[in-house]
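The numbering of the sequence shown is our numbering, which starts it at 329 and goes up by one. Note that CB positions come from ideal geometry on N, CA and C, so glycine has one too. First the structure, in the form of structure tokens, and then the observations on it.
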Amino acid sequence: MRKPVIGGNWKMNKTPQEGVELVAELRDDLGDMADVEVIICPPYPALLPIGSELAGGNIKLGAQDLYWEKEGAFTGQVSPGMLRACGCQYVIIGHSERRHVFGETDAQVAKKVRAALDEGLKPILCVGELLAEREAGETEIVVKRQLEAALAGVRGEEISTLVIAYEPVWAIGTGRASTAEDAQDVAHFIRRTLAGLYDREKSEAVRIQYGGSVKPENVKFYLAEADIDGALVGGASLKAAVFAQLIRNSTGR
Ligand code: PGA
């Protein structure tokens with residue numbers, strides 16, 4: 329059984345203080361949500377205070393990116409070990425904004441995935457096509473290329489520690505969510521690709537999220553699909569009450 333996993337990607341929002349207040353409210357609102365794993369991914373400066381606030385509870389902490397080197401002259405970068413020291417268990421890698429706003433390549437994504445695993449961080453690996461790629465019928469080609477590149481250095485026994493987030497770029501922050509059926513088709517394709525790269529049993533253990541304009545109102549349709557095990561949520565994770573409702577709705581409560 330794959331445990332549902334809902335991630336909140338705050339992107340470049342919230343000061344440390346605002347973030348601590350949000351997670352305190354979220355924790356009080358949710359209580360003991362043992363049937364779904366919740367991961368909060370704040371900006372770097374908020375990681376440490378939020379890590380302290382969440383310590384001992386069941387909401388997990390994730391970062392939005394990392395750099396693959398351990399330390400050194402890499403101005404502006406943050407290492408996997410630093411994220412661990414802040415209490416992170418997860419890290420988003422290859423988000424579409426990293427790829428398309430900051431020009432991150434498949435090869436860089438692969439290095440980040442490897443570096444995260446080497447430090448004991450669980451990658452939330454994002455893949456997804458641009459609108460022009462979808463319209464050209466290239467969704468599977470793009471997603472397969474992104475997966476093969478990112479997972480080139482990942483061994484079979486490691487693959488189940490990853491979460492794969494399928495996020496069509498045209499659905500992110502646009503209010504234009506994918507239909508659950510279309511998201512399921514790509515999630516199923518991702519699982520088949522993983523089965524090809526590893527084996528069927530291993531592919532069945534990997535959790536696949538859908539991301540892109542997920543809201544409290546539509547989350548349950550994605551979670552109802554056979555190959556979708558959760559959601560990666562941007563805008564709707566920025567208010568505690570809204571995100572708590574989304575999490576509750578994801579499990580049908
Ligand atoms: P959104 O963002 O929910 O605001 O569309 C999703 C994401 O970028 O992970």
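Per DSSP, residue 362 is not a residue of any beta strand (DSSP E), being assigned neither H nor E. In terms of Cβ geometry, residue 505 and residue 558 do not form a close pair [threshold 8 Å]. Two segments are said to touch when three or more pairs of C-beta atoms, one from each, lie closer than 8 Å; by this definition the stretch 484-491 does not touch the stretch 423-440. DSSP lists 494, 559 as the beta-bridge partner residues of residue 538. Residue 545 has its alpha-carbon roughly 30 Å from the corresponding atom of residue 521. Under the Cβ criterion (8 Å, minimum of three pairs), the stretch 423-438 does not count as touching the stretch 353-370. Of the candidates 529, 533, 578, 534, the residue whose Cα lies closest to the Cα of residue 552 is 578.
For residue 390, the pairing in a beta bridge is given by DSSP as 418. When secondary structure is reduced to three states using DSSP, residue 500 falls in the coil class, being assigned neither helix nor strand.
Non-local beta-carbon contacts of residue 435 in its own chain, meaning distances under 8 Å to residues more than five positions away in sequence, involve 477 in chain order.
Residue 342 sits in coil when the DSSP states are folded into three classes, being neither helix nor strand. The Cβ atoms of residue 475 and residue 455 sit closer than 8 Å to each other. In this structure residue 344 does not touch residue 391 by the C-beta definition: roughly 14 Å separates them, more than the 8 Å allowed. When the alpha-carbon of residue 409 is set against those of 386, 383, 450, the nearest one is in 450.
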